[in-house]
Every structure is written in C-alpha cells, then in structure tokens.
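Heads up: the sequence lines are chains Y and W, in that order.
Under the numbering used here, the residue at position 194 of the first sequence is numbered 179, and the numbers go up by one with no gaps.
Under the numbering used here, the residue at position 639 of the second sequence is numbered 828, and the numbers go up by one with no gaps.
Inspection log for the structure reproduced underneath, given as structure tokens.
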Amino acid sequence: MIHSLFLINHSGDIFLEKHWKSVISRSVCDYFFEAKEKAVEPENVPPVLQTPHHYLISIYRGKLFFLSVIQTEVPPLFVIEFLHRVADTIQDYFGECSEGVIKDNVVTVYELLEEMLDNGFPLATESNVLKEMIRPPTILRSVVNTLTGGSNVGDTLPTGQLSNVPWRRAGVKYTNNEAYFDVIEEIDAILDKSGTTVFAEIQGVIEACVRLTGMPDLTLSFMNPRLLDDVSFHPCVRFKRWEAERVLSFIPPDGNFTLMNYHVSSQNLVAIPVYVKQSISFFETGPCGRLDITIGPKQTMGKTVENMMVTIHMPKAVLSANLTATQGNYTYDIATKVLVWDIGKLNPQKLPNLRGSLSIQAGTPKPEENPSLNIDLKIQQVAISGLKVSRLDMYGEKYKPFKGVKYLTKAGKFQVRT
Amino acid sequence: MSASSAFNDEKGGSSSVGEPEYGHDPASGGIFSSDYKRHDDLKEMLDSNKDSLKLEAMKRIVAMIARGKNASDLFPAVVKNVACKNIEVKKLVYVYLVRYAEEQQDLALLSISTFQRGLKDPNQLIRASALRVLSSIRVTIIVPIMMLAIKEAASDMSPYVRKTAAHAIPKLYSLDPEQKDQLIEVIEKLLADKTTLVAGSVVMAFEEVCPERIDLIHKNYRKLCNLLIDVEEWGQVVIINMLTRYARTQFLNPNINESLLEEGADKTFYGSDEDEDEDEEEKEKKAEATAMAKRKPYVMDPDHRLLLRNTKPLLQSRNAAVVMAVAQLYFHLAPKAEVGVIAKALVRLLRSHSEVQYVVLQNVATMTIKRRGMFEPYLKSFYIRSTDPTQIKVLKLEVLTNLANETNISTILREFQTYIKSMDKDFVAATIQAIGRCATNIGEVRDTCLNGLVQLLSNRDELVVAESVVVIKKLLQMQPEKHSDIIKHMAKLIDNIQVPMARASILWLIGEYCEHVPKIAPDVLRKMAKSFTNEEDIVKLQIINLAAKLYLTNSKQTKLLTQYVLNLAKYDQNYDIRDRARFIRQLIVPTEKSGALSKYAKKLFLALKPAPVLESPFKDRDHFQLGSLSHLLNAKAGGYQELPDWPEAAPDPSVRNVEVKESVPEWTKCSSREKRKEKKVEKPFYSDSEGESGPTESADSESDSASRSESASPSEESRSASESEESEEGSESEEEEEEEQEKDKKKKKKELSKPVQESESEQSSEEEERKHERKSKPRVQTKSDSESESDEEEEESESESSQSESEESESETEVRKKKKAAESKPPLKPVKKENKKESKKEMSLLDLDDFNPAPSPQVTPVNTFLSNSLVTDLEGLSLSDSVLAPATIAPSSALKNYELLHRITGEGLSVEYCFSRQPFSPDANMVAVQMQFTNSATSEAKNLHMEDVKLQSGMRVKEFPEIELLPAGETATAVMGIDFCDSTQAANFQLCTHTRKFFVSIQPPVGELMRPIFLTENEFKKEQGQLMGMNEITEKLTLDVKCRNEHAIVQRVTTAANLSRVPCGSDKECSPPVPPPKHPVHRFAGRTVTSGSLVLVTVATKEEGGAQLTVNCEKMVIGTMLVKDILLALTQ
C-alpha cells in the first residue's frame, strides 16, 4: 500500500521521510516538484501523479505537503484520507500541524508514523489508541521523564485496540463530569448580481467535548430530526438506532471529537442572514474604478451578526484602493490583490458601507470581469436551519453529568457574484 | 535556521561547521568535522549503562533517520541494545533495525534470537511487536523463521497477534514469493477468523498475495458481509473492494433485463442478445408466450442482496474512502433503481478537503455518463465558486456538462455565462469547450450557443477568442450552410488572431466551406501566402490545404497563388510540410504522369466530412473499477485487478453455505422434521416483507426483534468454544434488527411495482396466520443451514409448518438463555453481545431462503417488462369482473393508424404505421411500431429498408428487417422498435427502396410512450401519495355525452394512452358483488417505456357528466401532455 512518506515544506524542502517498506530515494520527489512548479498555486498541484515507477499521492495541509509514494494499485481516497488522518493526529498531539512543530517533535512524529502504518497498511489510527501507546508530550511529563528516566512509550497493549469501542480507553476518571455539544452550521451560498440566491445549502457539524467517567452511554435527541437530510457519523454512533428512531446513541470517545456531520435537506429554504448591495465598476476612460458596498441584515432570527468580513480578490490590474468605510477597517494587499474589509458587528440601524475609488495600472485595458465577494460572518446562539437538540440522556453510569449545548451559525463558502 | 541549509549539509556530510542544528542533534552536521570520527559520541552513549543516555542517543539517531541521513555505520552499536530492558529504547532500536537490516544482513542476524524469544512472551503486545519487527526485517535468510513465526501467530490466542500475523504475510511474500503456497494456507486459516480485528488485515493479505484465489472467499463471504460494519475503516475499504470483485464473478447482472436500455453505443456488447431476439421476432405472434418464458426472470441471489444491504449504512461513514468504496460497489453491483442512494453521499464528500473533492469528482464524472439521472437533483452542488482550485473547477465543469439535458440546459448555460467572465483563463477555455459540447449534444440550444460563442470572438483576451474559434469550427461543421456570415466574420479575424490552433481552424473552415464565401476565400489565401514563412507548422499545413481546395473549386483566381504556396512549402524546414506539398501537387495539378488519382482529387479534398463528436474524456472509463487508482489515471496501475464481467450463468450459490456445528443433536435426527424445518425457513421471506408493508408492521417488528434475540443463545453455545475476545464486541441486537427492517422497507418501496410483491400481498391473509409462527424462525434457520443445503430447493412445495414444534423449541431456548445469562458474570453486556452476533449470523441464513423460488404459482414475472403478458394472462383467466377484462388491453381495432408515406409521394408505395402496444421483444425499452407497406404501383418494390436514422440524443431505433421483395399490389408488415427516451421527439429516417429514398418521420403520441402495468388499488393509492405536488396535474372537465358510462370512459382512456385499468377494490376482494358506487372513480396505471416512471391516471366522475382528471407522473412533461390527450379523448 503506502510505501513511503515525505513531508515537504512550502519552499520545497523535504524535512522528514519515513519508509514502511524498502527505502525509496527522495529523488522520486523531483516529479512532484516539477508538477508543483507547473501548478503555480499549491492548491492546484494534482493530488495524484504518475511517475515511471511510482505513483505519488499528496495532500496540502497547513502549508505542508504530505507526499506518499505508492507502487501498486490502491484506492487514491484511501491514501488521501489516511494522510489527512496523519495531519489530524499531529494536530491533536501538538496543537498544530506545522513544520516547526514537527521538527521539534521529530522522534515522536516518527514513532507515530511507525505505529500508524504497518507495511504500508493502517494499523492504529484512532488517536485514543495512539495516545496510550505513545503519550503526547506535556511539560509535566517531560520534566518527570528527565528526572526519572521514564518514557513516553506505553508498555501494555492499549485497551482500545482490542475492545469493541476502540475509540474509548478504559478507566477514564474525571472529578467534573461534563459533556458539551456545539452545533455549528455553515451556510454555503452563491448569490448573483441582483442578490437572488443561485444556490444555498446548510452544512452542519456537531462537535463534542465529552469528559465523563467510566463507560457512559449517551443518547442525544433532536426536536426536529426531519430537517437532517444527509448525515455522516463518528464510528461510535449506532447507525441502526438513528435509522429507526432518529436519535444519536453512542458511547463517546474521551475528549474532543466530531460527533456527526449533516446536510439540511434542500427542500427547506435557506435563510440568508445578510443582504449585500454592491456596485463595482471600472471605467473605460481614465485609470480608475469605483466600488460601493453596503451590507445589511436580512434573516437573522433576531440575533446580531458578528465577525462580518468581506474579502475580494481584485483583478490583477488594480493597483490600489482609496476607500472609506463607515464601519470597520479595510486593507488592500497589493501583492496578492486581496481587499479585506473587516466590519465586525453588524449594526442594523447604521448599515456599514464601503465606498471609494480603485486605481488601475495605466495602460492596461479595463478588467472585463468583476471580482466576486466572499463573505464571512458569525451568528451566536442560533442554528440557522432551526435544528434544536431536545435532550441528552446518559445511561450506564450513576453520576449526574453537566451538560451543555451551544449553537453557532457561520458563513461557509458564501459568495456574491458581481 | 532554514531547512534548506540543513539538507545541504546532509548531502555534504560534514560541511558548515558551527551551524546550530535543530532538534538538538549534535551528531549531524557541524560538530564533527571529519567522517571517521563521526558518531563517536553516540556510540559511547549507546555503550554506556545508563538507559537515559541510550535513550538520548537513540532519539538522535532516529531523528537522523527521519531526516533522511545515513546512520548505517552505527549498526553494530545499536544492535547490541536490542535486548535492552527499557521499552522506549527497545522500540527505537526496532525502528532502527527495520530501517537498516537490509543493508547489514549479517549483523541483523544477531538480533533474531531476541525476537524469537519475544514471540513466546506472555504479553500479547510483546509477541505482536516481536513478530512485527521480525517480519519487517528484509533478510532472505530468515524466511523459514518468519514462516514458522507467522504460522504460529496465526493460531495465537490473542486476535491482536493474529492481526499482526496477517500483516506479516504480505511482507514475507514480497521477500520471497516462493512461499506463496504456504502463505495461502495461512490466509485461508485467518480468513476463517471471526473477529473484526483480523478481517481487514487478512483480506489485505489476500489481495496482495493471492487475489485470484476467489474460491477462498466462498465460505467466508457471508461472515465478511456481516462483520463489515464493525471492521475498522481501513479494513472496510479493502474488504468492500474485494467483495465487489467477488460479486462480479458469482452473481448475475441485476440489470440484465434493463441492460438493453443502455445507450445505443453499447449495442455490440449486447449483440448476441439481439441475434437471438431476431428469431423470436419472426415467431413473435404465435409464440410470444414461450419467448417470454425463455427469458429467465431475474432473481437476485440473496447473498448479493446481503452484500448490498450490509454495505449501505457505510455510506454514512466519516471516512471518505469507505464512502467511495461503497459507492463504487453500488455502481458496479446494484440494480439500476438502487444506485441512486450513493449520489447524496458522494455529493457530501464534495465538502471535504480539495484532494478528496478531486478524486470524488473524477468518479462522479464517470458515473454521470452512464447514470445521468442519479446526480441531476444535485446539479447545483456542482456549481463553481471563484475560489475553487482550477483542477476542481474543470472537473465540476465536466460533471455539469455531462448532466446537461433539454430541461436543465438553460440553467446550465446561464451558469456558464458567469464562468466565462472568470479571471482564470484556463477555466474560461474549459468553459468554452463545455459550451461546445452542450451545443453538439443538445440540438435545441445549438444556435444560442453559437451566437454566444460568436460574441466571444470580440473578447479582448486572445486565448478566449482562440478557444471559441476552435469550438465554433466544430459546431459549424454540423450545419455550415446556415452560417456563412459567421464564416465571413471569422475570415476577418485571421488578421488579428495569433494563436496557431485558432488560425488553423479558421483556415480549415474557409477551405472547407469556400463555396459559401467565394469572394473572401481567395483573398485569405493571398494574405496567408504572404505570411506563409512566418507561420507555425500547423498553420502552414492548413494553408496548403486551403490552397488545394481553392485550386479545385476556383482555379482561375487561385492557380498562381497555389503554385506559389506549394513552392514555398517545397523548401520548408519541416518534412511533413514538404511531403504534404509534394503529395498535393501531384494530386491537383494535372500532369501527364499523374495517374488516375488526380481525377478524384475533388472527391478526396471536398468530401463531406462528418461533424466531430465531442465526447467526454470520461467516457468508458468505467471499465476500470471506480475509485481505483487505475480509474483516476485512466491507465492500468501495477497490481490492478480487473473487474470481471458478469457471468452468463450464476455459479453454484451453495458454495457459500457454511456448515455450522450443531449443538442440539436431537434436531438432526429425523428427516421428516428436517423437511418441515426447511419449509419454515422459507416463510420468513414472506412474513418479513409482508410484515413490513402490512398494517400490523409496528407492533410486529418489536416482537420480532425480541424473539430473534432470544433465539440467539443456542448457536451461541455452539460457538462458545471460540475465543473470549470475540464475545467482547458487539452492540444491541434490537438496533440491528430494526435497521434490517427499515432497510427492507425501503427496498420494498422501490420494488413495489414488481409483481413478486404483488402476489405476496395477495397472499396476505395466509401470511397473517403465520405471523406468530415467525418467532420460531431464527433458530430454525440456524438449524436448516447446518442440515444439508442440497435439497433446499426441492422443499418448496411442502407448506404446512409445525406450530407445536416451534413453540417447544422456543421454550427450550428460553431456558438455555436463562442458564447462559446466569453463567455470564457481567449480567447485561454479554447477553447483548451474543445477541448481536447471532442476529448477524441469522441474517445471512435468512437470506439463503430468499433464494428459493416463491411457491405461489402466479409469481413468475419479476420484471415490469413482462407485465403486459401478465395482464393478458389475467384477462384469459377471466377475473370475475366484467369491467376489467375489456379494459385491460385495448382491442386492436382501436389502434390508430398513422400515415408514414403517402401513396403519391411514395410513387405508389404507401406505408402506414400503428403502435401495436405489444412489448417489443428484442428490447423491452422500445416502443413497437408496426408498419404496413402497400405497394400500389405497377412495378415491384425491392429491398425495403431503413437508412440514415436521425435521432435526438438518447433515442435508439431497432430497424425492421429488410423486406426483399414487395410485388405490385401486395401488402407486407414489419415491426420496428423505437426507444423514444420518454419524449415525443420524432424519429427521422429514410425509407429506402431499391430506387428511391423517402424522408419520413415517426412521432409518437404521448400515450404510446408507456406500457400498462398491473397495480392493485392500494398500491395505486400508495404510489399516488408519493407523486404529489409538482408531479400531479388535475383538470376538471365535462364528459362527452356519449362517454358517460364506465365502459366508454375506460375505452377512451385506454385508447388515448397505453395504460391498464386498476381494478376497483370492490371488484376483487368482496365476493358478494357490491352495487357500484354512484360516482365511480376509474384508475389507470402504466410505466413509461424507457425510464419506467410510473404514470397514474385517475378519472373521478361527478354529477351530470362532470369529472376530474388527475395524472400523476414523475415526468412532468409527459404528465402535462397526457392530460391534454386524455382530456381531448374524454370530451369529444
């Protein structure tokens, strides 16, 4: 399956390599560099490349390329998904997945990779199992280890490896038993020039943070589960219960995890929380253009819209922007041609407006296309689809846990065409 | 410090003194300035007694390895520590060993004994890791030791060690392929393992070592299917992929009857089928029934169903690879009607990382070619955002193009219009090509697209213009005569466009259609002759081409120019151009030497060229297994296992039967009982499905699941010998059960129209009685399985079941269960687990029974295709009611004749056609058109046949066999089949005789696009309930005076549309005839011929000739047209 893995940073240096079978020379990466050169943007590097003797499958995460070398047929998604899992694990262990962090913990990362794959086939990818075999570094433990000569490596088989709930370790103990669930919804939308919705959908995710003693068995039910159209679950969720009763029944992993992802059925009209009035125009005569954007609240369910931000990728010809914002600040990065207008809280009484002129490089023809607006926003304490958790029950343990549910609506890929 | 410098000194070994090294690693780089002293301090540290020093040294060494530096010279120092007590040091030493053992084989041998000792350790973790490292050491000399270790570990108590053994198999195989036979034995043994932990790993080993030994899977097939959901995600992917291949070799194609529906291009593939059918056609009239019987109704193997059912929940996995694996399984294995479920899951994956999107979109693109309808509802999910990476944009564009059809093209084109304005020029170019493809595929929008593209010609960006030119060229080729102004416009463009491909395209166009632009063409050639030497090769070739064509059509004006161009070309640097010039000169310029060929020069150059077909690059990619690397690359990757074609006939399904050791001896004793049990085994098939669709469902399911879990214990006992670990896994059985039911229910809905179900529902009363017996079912299944599989099929006829016995055995199990429960220490859990196990088991066994053909006699037809004959049969049976009989099939006298060719235009030959409403046997998806040829001329007509069929995309025609001779005054009939693709588009073709060709077209009335199906009133209402909203069209009308009685209404409706009457509830079920209601409601049902969409018509009569007509049809266009037609029929 997966033969070797190379970690490559943004500037094209290989800073870690791991081979699960015989060693493959790192010169194989040259084919990748060639493709990377051609693609210009790192996102545009084809994830699967064919070389005379190998296949290269790569992902781009946190400004790093995870490049795996394959020799025989294997489902590409298998490798891609695994590489993302590696990145997730590193993030889980060290808080972030970046070149610096990996270099600082190179031995632990190497050991992790050793445990995650055996002969190129995934062995243990559940972070709870891994954490029992190779303990994540903490300051306290490193101090203790230097004093006692102890180690970060577990010497017994992780219980999860053999149990029917591999995602949970045995003997979890907390003094404060708590379970929090965040229902986060993202609105993906494309609005056209006139403000009508071309396409809109809601994608939701329930992130959980569960710190409960023992082996609790939780049941989470919704007021309106019919809203959910398509779902995917953490392996802990009992699918059959869901099919039959539309409740989530599960023995939770310990700590943070994503309980489920869902898609709200497309029959329900998506409430678009803001409207945007915009006019961006470039003039044929004279090197300038005009920009005027106003944003107002639309369907916000009575909550305030926060963290409003508008990002515009300007055409290459735009040299600078001379604008005034009635609220918030704007920045224009000349190198990347990105205009960012950070509005903050949306005030329904006084609508934020950004207007002014754009100067265009002299001599270049006026840009034909208008850039589209990418919008970011947050609405606290509301799930825009109207999804509500009705109750959370716990079975299997005696104590009373502390429970909490939080709702949040965000803009996902929210784009306004101009 | 920058990483780049770090790597530089790795390569240099010992340069750049004093540079700080990250990861506190003094061994590398700076500190040691010469090679021979290298790593001395590390060696010292490794030799010391302190674990902490050793650990520190090992960490540094591993860090070196991680960065790709060579640490092989430390091998002797490291290998000494292999027996170190400190577990962390030991682990790091293992890491080192695995990396360098291959290079230092002799020294590596020193460590082997440590591992051998480790293999005997009481701690399973140590045993496993010893095996892992031992098998990872790639030293040929230890192959026998490895072999022994693997064999031993394969029967280890700990499933974790067995898993490690499974992992070790491919390692050993790659080291020494000679060991294959022995390894297969181990694989065979591990395949029989019942733990989820091992399943994934051993299948992976199977795939690497002996993927061709599909026979090893037979016995484990059902177990794998049932364990699947609990296997870890990576194992799931491997197992699903393997099972896809397995199923392709073992089961029949579920779409075998529909396969004829597939696109015309596939015809050769089904060629054999058609040949056979041709014979049938001749005999059709007299022996239709026998012909039908010959086509064996398809019954899905229960194991096939099991696989589909058990993989479906995995579509909800969080792991994209698992979802994709299930999706490809469904795509390759599921009946057409069920494939749709994967679309939603795949669309969900589009929210994932861009790499995932990339792979998923590639697969979706392939799927959309074969199964467009599947993704149509999700069209908008493929809309492109300006922030998408270009490669994703292009793939989405591909999918959008594939999804385009007459109904959605306007939305798609509007969307494309915004894309054309994008800043990403590669993407714009791709969009233009996509527009071109839409235009060629969908005739209606061709002109719109062309106009749009012409407008793009004035775009400022040259790339856009160039791409448009190329696409316009292809479009113009389809109908050049209409568009000479565009050609003129393009001729003008040649002054400005610099992109070679575009210039070449324009020149070709002018050359090809020079007669449309007689004035401009020579002028263009003049300009080109002038700039000839500066052009690109591809343009030069086209200039020569243009010159040659002009010379042939307009030699007066262009003779000299052509000579000049040819002379220039003669001395060109490129030999292709020189060759071309020489060749053309010989052809067009008549000399005494030039032979016969030059006479044909005109034909050679000015032959009519067929318009290019713009095809998706994803066409036919599906011969690779979807989701595979080979599919993505569109090239066979090493180690790719071909997806086999479906077998002609299914191999023996009994090979998958597993013998379960029976722990209850008394049951096996008497054979008469055995038989009875076999019988009972059959019941669940009906009772199950019945219970689900019937009204008693909810109450039932509960008791059912309860009873099933009770039944768990006996065979649990039988397997109690199995490892303790096994019982650890599992979850609640009720869930499992409920899910089963849920799924079955869904399935049922889908298949509702199939006659099997119909007949089942007829049996309902019988089933009702049996319901309580069902409790005994699961246990008995386990039983029956153990008892010889062979005679299962023969048992169908026996029908009574022993109630008493089932009760008795039930109590038995009850007792045993209690005992069991008392034995087990943690009182609740184990029982549950067992239950789950058992229920899974039983599922597979239950499925076995599906296989037996249904005992009820009237259930022969399974596919809708046969429904026609079913209706005929019913008619023959003269089902007591008088209304049904005449109504079900329209009397042939009612068939309307249409004129295809009039006597006068046909010069004596006249042709009439009618829609015979018979199933067209060569292809169930075609409408049979019966043609009657009458030769009223004085001379005989010969070789009557069809030619040059022009169809809208998707439509297909099966031509009638050629009529060789039609003497004067005679009449002949022939039948042809047309697949109208559920549209009323006309099929145009030429009718040819030996002398003449006539352009004719056949346009079907919408009522002929369907075929009757048989539905009961309840089914009708249920289906109607699902086709509400947009799919329902209601009209009020006043019935024609002559048409107020039931008979007339039925007749008029059935004449207008090929539907069958749905018997009223009162007609059938109540034996004493109930007086007909005052205002009867008439219902008619049918399915469209191509897509099989339901068409439901209701005519509710009211006072004084008033009536309400309701049509429910998924295809709204058909619905609206049908309403009009029926309205007309009823009011006139």
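The beta-carbon is built from N, C-alpha and C at its ideal position, and this holds for glycine as well.
What you are looking at is a predicted structure, and each value in this text was computed from that prediction instead of being measured.
DSSP places V86/Y inside the alpha helix (DSSP H), whose first and last residues are E84 to D89.
Contacts between N359/Y and chain W, judged by CB atoms closer than 7 angstroms, involve T576 in chain order.
Near chain Y, meaning a CB-to-CB distance below 8 angstroms, the residues of the region 828 to 839 of chain W are G828, Y829 and Q830.
The alpha-carbon separation between T1290/W and S1282/W amounts to approximately 26 angstroms. In the DSSP assignment, V303/Y forms a beta bridge with I345/Y. When CB distances to chain Y are screened at a threshold of 8 angstroms, the residues of the region 803 to 826 of chain W falling below it are G816, S817, L818, S819, L821, L822, A824 and A826, in chain order.
Where Y519/W is concerned, the enclosing alpha helix (DSSP H) starts and stops at A509 to L522.
Under the three-state reduction of DSSP, V1118/W is assigned to strand.
Within chain Y, P60 and L62 have C-beta atoms less than 7 angstroms from the C-beta of M513/W, given in sequence order.
Within a 10 Å sphere around the beta-carbon of N90/Y sit 16 or more other beta-carbons, which makes this residue buried. When the beta-carbon positions are compared, G625/W and V660/W come within less than 7 angstroms of each other. DSSP lists F184/Y and Q400/Y as the beta-bridge partner residues of I175/Y.
Residue-level contact by beta carbon fails for E269/Y and chain W, as no gap is shorter than 7 angstroms. Identification of chain Y residues near N430/W by a Cβ-Cβ cut-off of 8 angstroms yields P60, ordered along the chain. Per DSSP, the beta-bridge partners of I1152/W are L1133/W. Straight-line measurement puts the Cα of G257/W at about 29 angstroms from the Cα of S543/W. Using a Cβ distance threshold of 7 angstroms, K1210/W and Q1297/W do not count as a contacting pair.
Rounded to whole angstroms, the gap between the alpha carbons of P1269/W and Y608/W is 56 angstroms. Per the Cβ contact rule, the region 259 to 274 of chain Y is not in contact with the region 218 to 228 of chain Y (fewer than 3 Cβ pairs under 8 angstroms). In the DSSP assignment, L441/W falls outside any beta strand (DSSP E), carrying neither H nor E. In this structure the region 1242 to 1254 of chain W touches the region 1194 to 1208 of chain W; the number of beta carbon pairs closer than 8 angstroms is three or more. Straight across, the Cα-Cα distance linking L803/W with N591/W is about 11 angstroms.
Within 7 angstroms of the CB of M393/W, the CB atoms of chain Y belong to F106, in sequence order along the chain. In the three-state DSSP reduction, Q263/Y falls in the strand class (E or B).
Taken through DSSP and simplified to helix, strand or coil, E651/W comes out as helix.
For the C-beta of K791/W, not a single chain Y residue is nearer than 8 angstroms; the gap to the nearest is close to 45 angstroms. A Cβ-Cβ distance of about 6 angstroms is found for the pair F1169/W and V1116/W, placing them in contact under the 8 angstroms criterion. The shortest CA-to-CA distance from V168/Y to any of N161/Y, I187/Y and A174/Y is the one to I187/Y.
The shortest CA-to-CA distance from V1300/W to any of D229/W, K825/W and M1310/W is the one to M1310/W. Think of a sphere of 8 angstroms around the beta carbon of S261/W: no beta carbon from chain Y falls inside it, the nearest being about 11 angstroms out.
Note that the C-beta distance between A343/W and K309/W is not below 7 angstroms.
With respect to chain Y, the C-beta atom of V653/W has no partner C-beta closer than 7 angstroms. For the region -2 to 19 of chain Y, the beta-carbon criterion of a distance under 9 angstroms to any beta-carbon of chain W is satisfied by D(-2), I(-1), F0, L1, E2, K3, H4, W5, K6, S7, V8 and R11.
Taken through DSSP and simplified to helix, strand or coil, L102/Y comes out as strand.
The residues C1232, A1318 and L1319, in chain order, have a CB closer than 7 angstroms to that of R1241/W in the same chain once the five nearest residues on each side in sequence are set aside. If you draw a straight line from the Cα of E656/W to the Cα of I686/W, it comes to about 11 angstroms.
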